[in-house]
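Please read the structure below before turning to the comments.
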Amino acid sequence: MASSRSSEEVSVLFADITGFTPTAERLPAEEVVVMLDEIFSAFDELVARHGLEKIKTIGDGYLVAAGIPKPRADHAEAAARLALAMRQALAELPVASGLSLRVGIDSGPVVAGVIGRTKFGYDLWGDTVNTASRMESHAPLGAIQVTERTYRRLGAGFVLEQRAGVVVKGKGKMTTYVLLGERPEPSVAGTRYEPVSSR
Numbered sequence: 199m200a201s202s203r204s205s206e207e208v209s210v211l212f213a214d215i216t217g218f219t220p221t222a223e224r225l226p227a228e229e230v231v232v233m234l235d236e237i238f239s240a241f242d243e244l245v246a247r248h249g250l251e252k253i254k255t256i257g258d259g260y261l262v263a264a265g266i267p268k269p270r271a272d273h274a275e276a277a278a279r280l281a282l283a284m285r286q287a288l289a290e291l292p293v294a295s296g297l298s299l300r301v302g303i304d305s306g307p308v309v310a311g312v313i314g315r316t317k318f319g320y321d322l323w324g325d326t327v328n329t330a331s332r333m334e335s336h337a338p339l340g341a342i343q344v345t346e347r348t349y350r351r352l353g354a355g356f357v358l359e360q361r362a363g364v365v366v367k368g369k370g371k372m373t374t375y376v377l378l379g380e381r382p383e384p385s386v387a388g389t390r391y392e393p394v395s396s397r
């Protein structure tokens, strides 16, 4: 029997390991599994440390939510910090040499729940999930791209670059932001990003 719950304030993070497919094609299947397990285990530890919810892995993709099942006011900031930590962790893993992480984040309403009769799995549905995936697939290589909705929920403690007029499949032109990092010190409101041309 289906069981679901709507949440209005959630940030969804979708990460993809770029360079994984060509690397996997050159290696025996057993080595590929070991490599992916080591990478995802590192991500799992970070998700637990940041208090977020891992939803699932999809091939070399990794889906996380902030703000469910327990609501939190700082869900966008929590997702942003996790994305930065995941990118850094991948860069430091010897097994991940030559790989990089591309991440998309969107914030808004989702429906979360369990459906099906066998092999039950907790999952997310809604436009926020789809948009987070689009942010990842349209992000520059190795970048963390967030939507306007996520940007508005981030505090001044983050450094972002604006990308205007990004053409996103199924969405048309969007203004998005590339997350560069956290500011070492609090900043004056309104100076969170430096506008750059769409790439």
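Going by this note's numbering, the residue at position 73 of the sequence shown is 271; the numbering climbs one at a time, nothing skipped. From the three backbone atoms N, C-alpha and C, an ideal C-beta is built for every residue, glycine too. Computed from a predicted structure; not experimentally measured.
Which same chain residues, not among the five before or five after residue i, have their C-beta less than 7 angstroms away from its C-beta?
i	result
M233	V293
F218	D258 and L297
V230	A222
K367	R332
E207	G265, P269 and H273
F238	T255 and Y260
R347	D304, S305 and G306
Starting from residue i, trace the beta strand (DSSP E) in both directions and tell me its first and last residue.
i	result
V312	S298 to I313
T255	E251 to I256
G319	G319 to W323
With a threshold of 8 angstroms on Cβ separation, who are the neighbours of residue i within its own chain once the five nearest residues in sequence on each side are excluded?
i	result
T389	Because the pLDDT of T389 is 49, which lies under 50, any placement of that residue in the model is unreliable, and the number read from its coordinates should be weighed accordingly. So the qualifying residues of the chain are A354.
L244	L280, A283, M284 and A287
Is any non-hydrogen atom of the ligand NAD found closer than 8 angstroms to the C-beta of residue i, if you look at the structure I gave you?
i	result
G368	Among the ligands in the structure shown, none appear at all, so the ligand NAD cannot be discussed.
Going by DSSP, what residues sit across from residue i in a beta bridge?
i	result
L211	V262 and I303
E380	F356
T216	S298
Residues in the same chain with beta-carbon distance under 6 angstroms from residue i, minus the five sequence neighbours each way, listed in chain order, please.
i	result
R279	none
F241	Y260 and M284
W323	V309
K252	V245 and V262
S335	none
According to DSSP, is residue i part of a helix, a strand, or is it coil?
i	result
S295	coil
A330	helix
T374	strand
A271	coil
R203	strand
G388	Legend: pLDDT at G388 = 47, less than 50; position of this residue unreliable, no value from coordinates given.
Go to residue i, then tell me how far its alpha helix (DSSP H) extends in each direction, as first and last residue.
i	result
L244	A227 to H248
| field | Uninterrupted alpha helix (DSSP H) stretches inside the region 335-360 (no shorter than 4 residues) | value | 346-351
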